[in-house]
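Only one structure is covered here, and it is reproduced in the block below.
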DNA sequence: TAAGATTGTGGGTAGTTGTGGGTAACTTCC
DNA sequence: GGAAGTTACCCACAACTACCCACAATCTTA
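Protein chains in written order, with our numbering: chain A, 11 to 164; chain B, 11 to 164.
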């Protein structure tokens, strides 16, 4: 059973092979709508991880970027940093995508990786780094966190 | 007789089998509206238990998460912590859902489990842990109860 | 109260999924 | 143009999962 199309939840311990391939969990692939043509866009995450978007979701982001005026310096920087590391990757018959050497290095990926569903995208983590990030996030502003939690009834 | 749709009350002693399956009480299943497609979303509870949401209830949460921009660190953390442990589970012909190894471990579940109706969701407990939690909660701040009393008429 | 239906629990099996490696096509660089 | 390295596609296999059937205990109904 999958949730809504192009929606990802759950955490999976998978492995990155010597050719730089990672499996996309079957549940995630089943959730992909056909217009994605089995393709994801992989890019640099804002934390120390790889972000994986369904193709059509990425196209959406692209069109938003297009609307940012390059007159503003912050816009130029933002667009550049977002577009720069993005590349499409179609999964093979076994359901694996191939990561770029840059992204593997950036996220510090080794053999064991953690794949995390983030609703509209997927994150690929080195498990150790995710642990560290979790610990740092404990120091996050609790008031702001509570504010979020207040508006989303769980 | 069931109450309103997608509403759960009562406590049941059931068992978790060697394949990680637990039965959802028939009364709870009967209360599920058809648009849930016989599916629950299981996730990590805030106490030491498993939370089980009807699919449509979860979709609501999910659409809120979708609207949080990942530019903000606090949003990323919130989405990750919420989505990470959640996975859909459709019950089989016998009315059982399958729990993930992570959740079984997190809630410390063994063969005997307690299933508790929590109105809009269901909790699955190790009976011993629920006892312990209850005892701790006896020491709850009476002022907090007074605060609650302002918001709910019982 | 007795027959029938429903419910909770256990286990078998066929199909799916994750992972490793092989090979041919393609690209790059001397 | 040819060698070396890289990429894309294919096959194989072990582990796991979803689905099915069976049965005993409980509840319902006449």
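Just so you know, even glycine gets a beta-carbon here, dropped at the ideal spot from N, CA and C.
The structure displayed is predicted, hence computed values, not measured ones.
Counting only Cβ pairs nearer than 8 Å, list the residues of chain B close to residue i.
i	result
residue 112 of chain A	What residue 112 of chain A touches in chain B: nothing, since even the nearest Cβ is about 20 Å away.
residue 14 of chain A	69 and 72
What does the Cβ neighbour count give for residue i, buried or exposed, with the cut at 16 atoms within 10 Å?
i	result
residue 153 of chain B	exposed
residue 117 of chain A	buried
residue 86 of chain B	buried
residue 112 of chain A	exposed
residue 41 of chain A	buried
residue 129 of chain B	exposed
residue 90 of chain A	exposed
residue 155 of chain B	exposed
residue 160 of chain A	exposed
residue 81 of chain B	exposed
residue 158 of chain B	exposed
residue 14 of chain B	exposed
residue 143 of chain B	exposed
residue 84 of chain A	exposed
residue 149 of chain A	exposed
residue 133 of chain A	buried
residue 162 of chain B	exposed
residue 72 of chain B	buried
residue 77 of chain B	exposed
residue 147 of chain B	exposed
residue 164 of chain B	exposed
For residue i, return the contacting residues in chain B, with the cut-off set at a CB-CB distance below 7 Å.
i	result
residue 70 of chain A	Within 7 Å Cβ-Cβ: nothing; residue 70 of chain A doesn't reach chain B, min ~12 Å.
Distance cutoff 8 Å, beta carbons only. Does residue i sit that close to anything in chain A?
i	result
residue 96 of chain B	yes
residue 88 of chain B	yes
residue 39 of chain B	no
residue 76 of chain B	yes
residue 93 of chain B	yes
With respect to 7 Å, is the separation between the Cβ of residue i and the closest non-hydrogen atom of the ligand SAM below this value?
i	result
residue 19 of chain A	Ligands in the displayed structure: none, and consequently the ligand SAM is not present.
If you measure from the beta carbon of residue i to each beta carbon in chain B, is any gap under 8 Å?
i	result
residue 36 of chain A	no
residue 57 of chain A	yes
residue 126 of chain A	yes
residue 147 of chain A	yes
residue 21 of chain A	yes
residue 162 of chain A	yes
residue 3 of chain A	This structure does not reach residue 3 of chain A, given that chain A is present from 11 up to 164, and the question cannot be answered.
residue 138 of chain A	no
Counting only Cβ pairs nearer than 8 Å, list the residues of chain A close to residue i.
i	result
residue 84 of chain B	150, 151, 154, 155 and 158
Contact defined as beta carbons within less than 8 Å: I believe residue i pairs with residue j. What is the distance between those atoms, to the nearest angstrom?
i	j	result
residue 34 of chain B	residue 114 of chain B	Not a contact, Cβ separation roughly 16 Å.
residue 75 of chain A	residue 93 of chain A	7 Å
residue 39 of chain A	residue 101 of chain A	7 Å
residue 32 of chain A	residue 131 of chain A	Not a contact, Cβ separation roughly 15 Å.
residue 30 of chain A	residue 124 of chain A	That pair is no contact at about 17 Å.
residue 127 of chain B	residue 18 of chain B	3 Å
residue 26 of chain A	residue 121 of chain A	6 Å
Find the residues of chain A that neighbour residue i, judging by a C-beta separation of less than 9 Å, and give them in chain order.
i	result
residue 80 of chain B	55, 56, 61, 128, 130 and 131
Legend entry - the stretch 91 to 101 of chain B touching the stretch 22 to 32 of chain A, judged by at least three CB pairs closer than 8 Å: No, because fewer than three Cβ pairs between the stretch 91 to 101 of chain B and the stretch 22 to 32 of chain A fall closer than 8 Å, the two stretches do not touch.
Inset, instruction - May I ask you to verify whether the stretch 137 to 153 of chain B touches the stretch 50 to 59 of chain B, counting CB pairs closer than 8 Å and requiring at least 3? - result: The stretch 137 to 153 of chain B, when compared against the stretch 50 to 59 of chain B, does touch it at the 8 Å Cβ threshold.
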